[in-house]
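Asker: First residue of the sequence shown: 4, per my numbering; consecutive thereafter. Don't be surprised by glycine CBs; every beta carbon is placed ideally from N, CA and C. Since we're looking at a predicted model, the values are computed, not measured. Below is the structure I would like to discuss, written out as structure tokens.
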Amino acid sequence: MLELGLHVLSAPMGSQEFSISAFLIYRHQNCNFCQVHKWMFWNIIVLKYDEWRLHHLFLLIILLLYSVIGAVSFVAFEQPNELAKRAHAKAYALRRSEFAKLRLFRELKTYHRKIIAKPSARSFKELRSVIIRYDRRMRFGVEKDAPLKWTLWGGLYYSGTVYTTIGYGDMAAETVGGRLFTMFYAAAGIPLVITILNDWGSLLFYIMQNLWINSLRHISNKVKSLFTFSNRKETIFQTNKDDIVIKEVWKSCRHNAVL
């Protein structure tokens, strides 16, 4: 291929060899060379993918992306509704507060006239009861610093409860769009989670099986070594005992020979 390229470049412009067909042949061979390299590159990736068992990690990445997509979608559906409800609750609390203050002002004016006309302990007692009633009326409203439920983390939490079918019930979609999306999200997410559980369950079973087999093999080797050591000890003891008997017989034979 390189020789053909040099031949084409070195040929004069007016010659027959410098033609479009020669250039196309050179380009075709160059493209084939690139395709071979691309095929080798993807072949290496596939081999490493199977060798390193990356499909387990790939499934988790898919689940993570699916959770993020669900969280963003649920926040888009539900957060405006939550903000609107909170604004409505604050406006209602403000109206109640203004109404209570106006009512308190009128009652204070009435009792103030009574105190000026005829001050007594009873008047002060009534004034105190008016203030207590005002405090009771003011025990309502929403927390100013209450965190929003439908944030990105809240959406991830809700997505997890949907595709795992746990459903704690502390969060639920209230809008029509959010409820419809919940149904479709669960219909696609539950089979995905079942597939991941099956895959990771098989992986964990393989790991635990190998650990169990290796543990049994280690225990078996220990037991065998103990029995081997015990047999060696008995053999040594028996050998020493035989040596003692032989020595005693030898001594008795020598003693009889001397006599």
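1. Does the distance from the CB of Ala189 to the CB of Tyr166 come in under 9 Å?
2. Give the straight-line distance between the Cα atoms of Leu195 and Leu229, rounded to the nearest whole angstrom.
3. Taking 8 Å as the cut-off, does the stretch 66-76 touch the stretch 174-194 (at least 3 CB pairs, one atom from each stretch)?
4. Less than 6 Å between C-beta atoms, sequence neighbours within five positions excluded: which residues of the same chain meet that for Gly144?
5. With DSSP as the reference, label Ser13 as helix, strand or coil.
6. Let me check understanding here. Comparing Cα to Cα, which of Val179, Pro83, Ile222 and Ser205 lies closest to Lys152?
7. So what does DSSP say about Ala175, is it helix, strand or coil?
8. Measure from the alpha carbon of Glu81 to the alpha carbon of each residue in Gly172, Met211, Phe208 and Thr154, then state which is nearest.
9. Could you pull the start and end residues of the alpha helix (DSSP H) that Thr164 belongs to?
10. Can the beta-carbon of Tyr171 be found closer than 9 Å to that of Thr178?
Answerer: Looking at the atomic coordinates:
1. yes
2. 51 Å
3. yes
4. Note that Gly144 has pLDDT 45, beneath the 50 cutoff, so the model's placement of it is unreliable and no number is given.
5. Only weak support is given to the placement of Ser13: the predicted model assigns it a pLDDT of 49, under 50, and the question is left unresolved by the model.
6. Pro83
7. coil
8. Thr154
9. Leu155 to Tyr166
10. no
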